[in-house]
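In my numbering, the protein residues as written are 430 to 468.
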């Protein structure tokens, strides 16, 4: 998932709709890399 954007299509057979979902990377490696940061 190195791309800036990915497209996920879901067909529920209930007509036309469109939405945007924002997520973040909270994988084990991300947390491990950032665990030592202090604010």
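Ideal Cβ positions, reconstructed from N, Cα and C, are used throughout, including at glycine.
Among the options, which one has its Cα closest to the Cα of residue i?
i	options	result
residue 447	454, 439, 453	439
residue 437	445, 444, 450, 443	450
residue 435	443, 457, 452, 459	452
With respect to the alpha helix (DSSP H) encompassing residue i, which residues constitute its N-terminal and C-terminal limits?
i	result
residue 462	457 to 463
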